[in-house]
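To convert a position in the sequence shown, counted from 1, into my numbering, add 79. Structure first, then comments.
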Amino acid sequence: MLCQDCKKREAQVNLTQIINNEKSSLALCKECASARGFNSPLDQGAFPLADILTNFAKTMSTQNNLTPQTELVCPNCKLSFDDFTRLGRFGCGDCYRTFRPRLEGIMRKIHGASLHRGTAPVTTAEIATGGEQTIPVKEEERLETELRKAVAAEDFERAAELRDKLKTIKQGIVAHS
Numbered sequence: 080m081l082c083q084d085c086k087k088r089e090a091q092v093n094l095t096q097i098i099n100n101e102k103s104s105l106a107l108c109k110e111c112a113s114a115r116g117f118n119s120p121l122d123q124g125a126f127p128l129a130d131i132l133t134n135f136a137k138t139m140s141t142q143n144n145l146t147p148q149t150e151l152v153c154p155n156c157k158l159s160f161d162d163f164t165r166l167g168r169f170g171c172g173d174c175y176r177t178f179r180p181r182l183e184g185i186m187r188k189i190h191g192a193s194l195h196r197g198t199a200p201v202t203t204a205e206i207a208t209g210g211e212q213t214i215p216v217k218e219e220e221r222l223e224t225e226l227r228k229a230v231a232a233e234d235f236e237r238a239a240e241l242r243d244k245l246k247t248i249k250q251g252i253v254a255h256s
């Protein structure tokens, strides 16, 4: 779409304004948007996502009084959670699984929940199998909850069954990753 002001360059900025319940939209190129006084705060530099994650991780560690004895380390790349809080990025894909218990609190602060409940893009695996790849994660969480209840109730036979089911599901998730 061409810029609605100069009608020469490709529009890169979409401005929407609502005044007295009347909505108006304008598609502008960066130059015309800048001439009107609209500038992106991200033009000044990169978005500090690593800094935001680092601050959340440090805050969560401080609030939960985590001690060095409870320090998590990725078995694959040997990155510690403390290193993650300093760097703001993971060392490998296994870090997500390793640090998951600590990341859930951070995700709840950022998103309001630690479980994705929205739509997800369709993958080739879903098309091929006709199934939904997110089911194992939900099933894993359900089984973990049941396992905790079984252990609390000292129903160790049921707990062993649930543990085995969880192991099977986790192996399936790793195989699809």
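Cβ coordinates follow ideal geometry from the N, Cα and C atoms, glycine included.
Note: residue 152 is bridge-paired with 159 in the DSSP secondary-structure output.
Taking 7 Å as the cut-off, the beta carbon of residue 167 is found closer than this to the beta carbon of residue 132. The criterion of a C-beta distance shorter than 7 Å is not satisfied by residue 130 and residue 111. Residue 118 carries a coil assignment under DSSP once its states are collapsed to helix, strand and coil.
Within the DSSP secondary-structure output, residue 92 pairs in a beta bridge with 107. Note on geometry: alpha-carbon atoms of residue 187 and residue 90 lie some 36 Å from one another. In the assembly as shown, residue 95 is an exposed residue. Its beta-carbon has fewer than 16 other beta-carbons within 10 Å.
Listed in chain order, the non-local C-beta contacts of residue 248 below 8 Å within the same chain comprise 215, 218, 219, 222, local neighbours out to five positions each way being set aside. Just so you know, the alpha carbons of residue 107 and residue 93 end up roughly 6 Å apart.
Secondary structure at residue 87: coil, using DSSP grouped into helix, strand and coil. Looking at the backbone, the Cα of residue 151 and that of residue 104 are separated by about 49 Å. The closest CA to that of residue 180, considering only 160, 246, 237, 87, is found on 160. Using a 10 angstroms sphere on the CB of residue 81, the tally of other CB atoms stays under 16, which defines it as exposed.
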